[in-house]
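Enquirer: The structure that follows is given in the form of structure tokens.
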Amino acid sequence: MSPSSSVPVLTIDGPSGSGKGTISRRVAETLGWRLLDSGALYRAVGYAAGMEGLDLSDAEAVTRCAQTTKIRFQAAADGGDTHVLVNGHDATDELRTETAGAAASAIASIPSVRQALVDMQLGFRKAPGLVADGRDMGTVIFPEAPFKVFLTASAAERAKRRYKQLKEKGLGVTLATLQREIEARDARDASRTVAPLKPAADAVFIDTTGMGIDEVVAKVLAVVQS
Ligand code: C5P
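Its first residue numbered 0, the sequence shown is counted upward by one per residue in numbering that gives the first Met the number 0.
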């Protein structure tokens, strides 16, 4: 057993717009645990591949890119959102767009790209604990995690949440386009052969449709405290 295997992990998986990001951050803050935003890693690789002008379906080239891209998370000086540095460039804003989400989803279906990111993800498991946010945290990366949650919400509600988030960040999108993009991304994430989006058999399933953030946070904390 490696020393890190005694560190508790709470996995929070689910589709885009299920509230995972916000909920994971709040739960990690409350518990005083570290946070792994695994989606940001896939977004960063998709972004780096785009910057290099790679064809996103070129498995060999994108895998090399995943192996060599330097990704760093940096706490914001003002206590705001964590910044993501990709090969030294602050790409936080670029990574939030739906274009970056679609690029991430495209490269995430390549098994060797996923493999290239495994060690980096395992490295986040440090005392006193880890909240791991993603699609395959409870099924593939931390299958032995003691606490697992799968968050979801109706597609219409998820599109509305993402719309509000992107609007607040000043990004121009229409609700109808966003809902189509989210459904297409979810369909691809759920149907891929490697690490498809699906709840771990031992995950607590929470449908957050119509629930406020505080209510969901309380339900997730209850899983850890039970
Ligand atoms: O969570 P987020 O929207 O940032 O993830 C972007 C994309 O990265 C997802 O649509 C998915 O294709 C991919 N991803 C993944 N496995 C993870 C996290 C994200 O395949 N653990």
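In this text, a Cβ means the ideal position worked out from N, Cα and C, and glycines have one as well. Predicted model, so just to flag it, every value in this text is computed and none were measured.
Give a single yes or no on whether Ser37 has its beta carbon closer than 6 Å to a heavy atom of the ligand C5P.
Expert: Yes, the ligand C5P has a heavy atom inside 6 Å of this Cβ.
Enquirer: Which of helix, strand or coil does DSSP assign to Gly20?
Expert: helix
Enquirer: What are the complete beta strand (DSSP E) segments, minimum 3 residues, inside the segment 21-91?
Expert: 33-36, 70-73 and 82-85
Enquirer: Kindly indicate which residue of Leu220, Val223, Ala186 and Ala221 has the alpha-carbon position closest to the one of Gly13.
Expert: Ala186
Enquirer: Please report how far the alpha carbon of Ala99 lies from the alpha carbon of Tyr41, in whole angstroms.
Expert: 9 Å
Enquirer: Are the Cβ atoms of Val8 and Val216 separated by less than 7 Å?
Expert: no
Enquirer: Is it the case that the CB of Ser15 approaches a heavy atom of the ligand C5P more closely than 6 Å?
Expert: yes
Enquirer: State buried or exposed for Gly87, treating a residue as buried only when at least 16 other CB atoms are found within 10 Å of its CB.
Expert: exposed
Enquirer: How far does the beta strand (DSSP E) with Ala131 in it reach, from first residue to last?
Expert: Element bounds for Ala131: Leu129 to Gly133.
Enquirer: How close, in whole Å, do the beta carbons of Leu35 and Gln114 come, if the pair is a contact with beta carbons under 8 Å?
Expert: With a Cβ gap of about 17 Å, Leu35 and Gln114 do not count as contacting.
Enquirer: Give the straight-line distance between the Cα atoms of Pro145 and Glu214, rounded to the nearest whole angstrom.
Expert: Inter-residue distance for Pro145 and Glu214 is about 22 Å (C-alpha atoms, whole angstroms).
Enquirer: If Gly18 and Ala202 are in contact, beta carbons under 8 Å, what's the gap, nearest whole angstrom?
Expert: Gly18 to Ala202, Cβ: 15 Å. No contact.
Enquirer: Give the range of the beta strand (DSSP E) segment to which Leu9 is assigned.
Expert: Val8 to Asp12
Enquirer: Determine the DSSP secondary structure at Ile205, reduced to helix, strand or coil.
Expert: Three-state result, Ile205: strand.
Enquirer: Mind checking which residues open and close the beta strand (DSSP E) that includes Leu150?
Expert: Phe146 to Thr151
Enquirer: Comparing the CB of Tyr41 with every heavy atom of the ligand C5P, is any distance shorter than 6 Å?
Expert: yes
Enquirer: Mind checking Glu143: buried by the 16 CB within 10 Å criterion, or exposed?
Expert: Under this definition Glu143 is an exposed residue.
Enquirer: Between Ser23 and the rest of its own chain, which residues show a CB-CB distance below 7 Å, the 5 nearest in sequence each way excluded?
Expert: Ile11, Leu34, Val130 and Asp132
Enquirer: Which of the three DSSP states, helix, strand or coil, is assigned to Thr173?
Expert: coil
Enquirer: On the three-state DSSP scale, how would you describe Gly122?
Expert: coil
Enquirer: Using a 10 Å radius around the Cβ and a threshold of 16 neighbouring Cβ atoms, would you call Phe123 buried or exposed?
Expert: With 16 or more other Cβ atoms within 10 Å, it is buried.
Enquirer: Assuming Glu143 is part of the alpha helix (DSSP H), what are its boundary residues?
Expert: Neither: Glu143 is in no alpha helix (DSSP H) and is coded neither H nor E.
Enquirer: Check Leu220 in the structure and name its three-state DSSP category.
Expert: helix
Enquirer: Taking only the alpha-carbon atoms, compute the straight-line gap between Ala76 and Leu84 and give it to the nearest angstrom.
Expert: Straight-line Cα distance between these residues: approximately 14 Å.
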